[in-house]
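Undergrad:
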Amino acid sequence: MKQEKAVVVFSGGQDSTTCLLWALQQFEEVETVTFHYNQRHQQEIEVARNIADKLGVKNHLLDMALLNQLAPNALTRDDIEIEAKEGELPSTFVPGRNLVFLSFASILAYQIGARHIVTGVCETDFSGYPDCRDEFVKSCNVTVNLAMERPFVIHTPLMWLNKAETWKLADELGALDFVKNETLTCYNGIIADGCGECPACKLRANGYQEYMKMKRERA
Ligand code: ZN
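Sequential numbering of the sequence shown, starting at -10, is according to the numbering used here.
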């Protein structure tokens, strides 16, 4: 029964757009929150707003510029290159970013009377960010509930999916082409299939090809 309200942490990328579509199927009322901290990707903000408009959901934009001050990294600074060395966290890592995002999303949820918070974080991905792990999200859920005395539920529909399975979920939601054409994942700020060269584009394209192969084999 769809009768509750949810806030989706939303960047306009493949993962969070798939989460938004999932949430629209699960909940009566859905709003999105986009965090602005990443100077490199002003465009991300516009893509997110555009997708929210197309899907008819409200988009709250929160200024998180303080993250740049605390954690200069490859996503926020043009002079740091995006790279991932073997066995190390990639240069896009912002320590505690998801902790901050989930805390602020919960505060927003409190303000707008939403019980559910949806985030596209995923353990199966390459990144290994500690605050994207299931254990952390569960702990954070307990913390925000205690902090605000509300029975929030944090949902992570992509937690155990690989990129191919995330495409599959978009397809099951009837939105494979929408996600492919409207979202921005590329580190170079190119919408849809992107530049094809950066790590995010490669991951996305490999997942898509793998899913299409699975789909052909099943047909
Ligand atoms: Zn790219």
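Each residue gets a CB set at the ideal place from its N, CA and C atoms; glycine is no exception. Note that the coordinates shown come from a computational prediction; the quantities given were computed from them, not determined experimentally.
1) Locate the beta strand (DSSP E) running through VAL(-4), then write down its first and last residues.
2) Does DSSP put GLN161 in a helix, a strand or coil?
3) Under 8 Å by Cβ, that's how I've got GLY2 and THR172 pegged, so tell me the actual separation to the nearest angstrom.
4) Under the criterion of a Cβ to heavy atom distance below 7 Å, does CYS121 qualify as lining the ligand ZN?
5) Measure the Cβ-Cβ separation of GLY109 and LEU158 and say whether it is below 8 Å.
6) Measuring straight from C-alpha to C-alpha, what distance separates LYS202 and ARG122?
7) Nearest by alpha-carbon distance to ASN39: which of SER0, GLN100 and GLN58 is it?
8) Given this structure, state the Cα-to-Cα distance separating LEU162 from TRP156, to the nearest angstrom.
9) Give the single residue among PHE24, HIS49 and ALA41 whose Cα lies nearest to the Cα of LEU88.
10) Just checking CYS8 against the ligand ZN - is the residue's beta carbon closer than 7 Å to any of the ligand's heavy atoms?
11) Which residue wins for smallest C-alpha separation from GLY178, given the options ALA37, VAL(-2) and ALA12?
12) Are the CB atoms of VAL(-3) and SER5 nearer to each other than 8 Å?
TA: The answer reads as follows:
1) Reading the sequence shown from its first residue, position 7 is the one you call residue -4. -6 to -2 is the span of the beta strand (DSSP E), which, as asked, contains VAL(-4).
2) Start at 1 with the first residue of the sequence shown, and residue 161 comes out as number 172. Going by the sequence as given, residue 161 is Glu instead of Gln. Correct three-state label for GLU161: helix.
3) Here residue 2 is taken as the residue at index 13 of the sequence shown, counted from 1. Here residue 172 is taken as the residue at index 183 of the sequence shown, counted from 1. With 8 Å as the limit, GLY2 and THR172 qualify as a contact, their Cβ atoms being about 6 Å apart.
4) Here the question's residue 121 lines up with position 132 in the sequence shown. No - the ligand ZN has no heavy atom lying nearer than 7 Å to the Cβ of CYS121.
5) To locate residue 109, count along the sequence shown from 1; it is residue 120. To locate residue 158, count along the sequence shown from 1; it is residue 169. Contact flag unset, no.
6) What you label residue 202 is simply residue 213 of the sequence shown in a count that begins at 1. What you label residue 122 is simply residue 133 of the sequence shown in a count that begins at 1. Using only the alpha carbons, I get a separation of about 28 Å.
7) Counting from one through the sequence shown, the residue named residue 39 turns up at place 50. The option with the nearest alpha carbon to ASN39 is SER0.
8) Counted from its first residue, the sequence shown places residue 162 at position 173. Counted from its first residue, the sequence shown places residue 156 at position 167. Roughly 10 Å between the two C-alpha positions.
9) On the sequence shown, position 99 is the one that residue 88 refers to. Here the closest residue by C-alpha is PHE24.
10) What you label residue 8 is simply residue 19 of the sequence shown in a count that begins at 1. No, since every heavy atom of the ligand ZN falls outside the 7 Å radius drawn around the Cβ of CYS8.
11) As a first step, residue 178 is located in the sequence shown; it is residue number 189 there, counting from the start. Selected option, being the one with the closest Cα: ALA37.
12) Translated into positions along the sequence shown, residue -3 becomes position 8. Translated into positions along the sequence shown, residue 5 becomes position 16. Going by C-beta atoms, VAL(-3) is nearer than 8 Å to SER5.
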